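A.B. asks: Numbering (the numbering used here), first residue to last: 14 to 208. Think of the CB as a built atom: it goes at the ideal place given N, C-alpha and C, for glycine as much as any other residue. Just so you know, these numbers come straight off a predicted model, no measurement behind them.
(1) Are the region 192-202 and the region 139-153 in contact at 8 angstroms, needing three or more beta carbon pairs?
(2) Could you compute how far the alpha carbon of residue 115 sits from the alpha carbon of residue 90?
(3) Indicate the three-state DSSP secondary structure (helix, strand or coil) for residue 201 in the structure shown.
(4) Name the two residues that bound the continuous alpha helix (DSSP H) containing residue 141.
(5) Taking the continuous alpha helix (DSSP H) assigned at residue 77, which residues delimit it?
(6) Given this structure, state the Cα-to-Cα distance separating residue 187 from residue 33, to the nearest angstrom.
(7) Which class does residue 109 belong to by DSSP, given the choice of helix, strand or coil?
(8) Following the continuous beta strand (DSSP E) through residue 50, name the residue where it begins and the one where it ends.
(9) Let's see if you can read the secondary structure: which residues bound the alpha helix (DSSP H) around residue 175?
(10) Can you name the start and end residues of the beta strand (DSSP E) that residue 149 belongs to?
(11) For residue 68, collect the residues of the same chain with a Cβ closer than 8 angstroms to its Cβ; drop the 5 residues on either side in sequence, then sort them by chain order.
(12) In or out: residue 93 buried (at least 16 other Cβ within 10 Å) or exposed?
(13) Considering only residues of the same chain and omitting the five flanking positions on each side of residue 36, which have a CB-CB separation below 8 angstroms?
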């Protein structure tokens, strides 16, 4: 008999949009209300650096195509938490900052739990059908790159060579996948989370 599925929520948006901040705040509030929340980020499913940069250090196509291991994301997180899944999952397989595989133990979800997954590129065709609910945080690259500069110490200019890979790769995603057309909710996140 299949286990009761987990409600799967995606929080998508370009780099620097505020996805992680929103996802963490939602998880905190839902846990305070008694919900069983599984919190994960697509950042835990990066490919190793050698794969991520095989098309070159400034390649937008490489950023879009080679950043994440979607097969493993599906196999160890999304499929186990879907209808018919066994509810045994992992929230991360790779530490991209250290460029090291993680040997995270398998966890057991409680039936009826809620998965909140944040990250870029979550409305790709191979992922869209997983989301019971999805949010896309919309804002300009001028705003998002400026936020990344504050967060990471990177160049605040969206046109800088160091940002080309990321900005152009995400523009490719926006054009090919049209996340604003597929998300259940699109939020103008220019001002961030305003209460």
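C.D. replies: For this structure:
(1) Cβ pair count under 8 angstroms is three or more, so yes.
(2) Position 102 of the chain shown holds residue 115. Position 77 of the chain shown holds residue 90. Their Cα atoms are separated by approximately 14 angstroms.
(3) Along the chain shown, one-based indexing puts residue 201 at 188. In the three-state DSSP reduction, residue 201 falls in the strand class (E or B).
(4) Here residue 141 is taken as the residue at index 128 of the chain shown, counted from 1. If you look at residue 141, you'll find it in the alpha helix (DSSP H) that goes 138-141.
(5) By one-based count along the chain shown, residue 77 stands at place 64. Unbroken alpha helix (DSSP H) run through residue 77: 73-79.
(6) The count along the chain shown starts at 1 and reaches residue 187 at position 174. The count along the chain shown starts at 1 and reaches residue 33 at position 20. Their backbone Cα atoms lie some 19 angstroms apart in a straight line.
(7) Residue mapping note: residue 109 aligns to position 96 of the chain shown, counting from 1. For residue 109, the secondary structure class from DSSP, reduced to helix, strand or coil, is coil.
(8) What you label residue 50 is simply residue 37 of the chain shown in a count that begins at 1. Start and end: 50-54.
(9) Here residue 175 corresponds to residue number 162 of the chain shown, with the count starting at 1. Residue 175 -> alpha helix (DSSP H) spans 174-190.
(10) Taking the first residue of the chain shown as position 1, residue 149 is located at position 136. From DSSP, the beta strand (DSSP E) with residue 149 extends over 146-151.
(11) Working through the chain shown from its first residue, we reach residue 68 at position 55. Here residue 68 has 74, 75, 78 and 79 as same chain residues with Cβ atoms under 8 angstroms from its own Cβ, once five neighbours each way along the sequence are excluded.
(12) On the chain shown, position 80 is the one that residue 93 refers to. Buried is the label assigned to residue 93, since at least 16 other Cβ atoms lie within 10 Å of its Cβ.
(13) Start at 1 with the first residue of the chain shown, and residue 36 comes out as number 23. These residues qualify, in order along the chain: 24, 52, 54, 129, 130 and 131.
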